[in-house]
Amino acid sequence: MITLNLLAIVYGSCSRDPENDERFGAEQRRAEITLNPIIPASAKTLEQKQKWVEGFLQRIGRDMKHTRNWRCEFCKKHARETVWMNSSWIHLTPPKINSYVHSICDAGKGPCYEQLRGYEAQVALMTGFPPAGPPLPKTQKSYPMSASCIVCNNEASESRKNLKQCGRCELTRYCSVECQREDWKRHKECCKAVKEVKWVWN
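Residue numbering for the sequence shown is 11 to 212, as defined by the working numbering.
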């Protein structure tokens, strides 16, 4: 049995944050999430393990996005997308990966996107990991707010004010018991892997 040591750090902001570099630094708003999923025994080779880890990150992507009333990391607009930057050491025992998840208003264009790309280039220089390629083509005109229910994506302010986090992992947010039940089959993989959640939110 091989356990993956995964640290996912979700970055964003709130409407009260200053619109300058004061929003960054040691107290930047974020969630530090430790997950320990079990890599299946069928993933024997390094390539198979890497493929499984990539699939796991894709499957928990929505959970990481819908954890808070996130605003864009770089401005005060509501965050609608997340950009992941991963540093992985799958060859180690136990395998390890750090995922830096950036909440952003538009991951394909605009000043916030350009600022994120600049940050990504700096991280690549420091870590030796290559920056990601260009953004994937958009498959829809608008992505749901991170602040909305993960299931129904209701963006009405009344719905967003009453969201409740999953009682077990204390992350993924729902507007109702019905939405939570509907999502459990998908969410349980992430939920059971979460070991610790630390919020930096002053």
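A virtual CB, placed ideally from N, CA and C, is assigned to each residue, including glycine.
A quick note: this is a predicted structure, and the numbers were derived from the prediction, not measured.
Separation of residue j from residue i, as counted between CA atoms
i      : j      : result
Val93  : Leu181 : 18 Å
Gly120 : Phe84  : 11 Å
Leu45  : Ala53  : 19 Å
Glu192 : Ala51  : 29 Å
Phe66  : Asn164 : 26 Å
Arg170 : Thr55  : 44 Å
Tyr21  : Leu102 : 27 Å
Gln132 : Leu173 : 36 Å
Lys202 : Ser152 : 30 Å
Residue range of the unbroken beta strand (DSSP E) whose run includes residue i
i     : result
Lys61 : Run containing Lys61: none in the beta strand (DSSP E); it sits in the alpha helix (DSSP H), 56–69.
Ser98 : 91–99
Arg40 : 40–45
Glu6  : Because the chain is modelled from 11 through 212, residue 6 falls outside the range shown and cannot be assessed.
Strand pairing of residue i, partner residues [DSSP]
i      : result
Asn15  : Lys106
Glu29  : Partner(s): none; Glu29 has no beta bridge.
Gln175 : Arg183
His76  : Per DSSP, none; premise fails for His76.
Integer-rounded CB distance, given that residue j should sit under 8 Å from residue i
i      : j      : result
Gln60  : Ile100 : 5 Å
Leu14  : Val63  : 6 Å
Cys200 : Cys185 : Cys200 to Cys185, Cβ: 19 Å. No contact.
Cys122 : Cys82  : 6 Å
Nearest candidate by alpha-carbon position, reference residue i, set the options
i      : options                      : result
His197 : Tyr21, Arg72, Glu32, Ile107  : Arg72
Lys75  : Ser109, Asp27, Ser25, Asn172 : Ser109
Glu57  : Ser156, Ser98, Glu206        : Ser98
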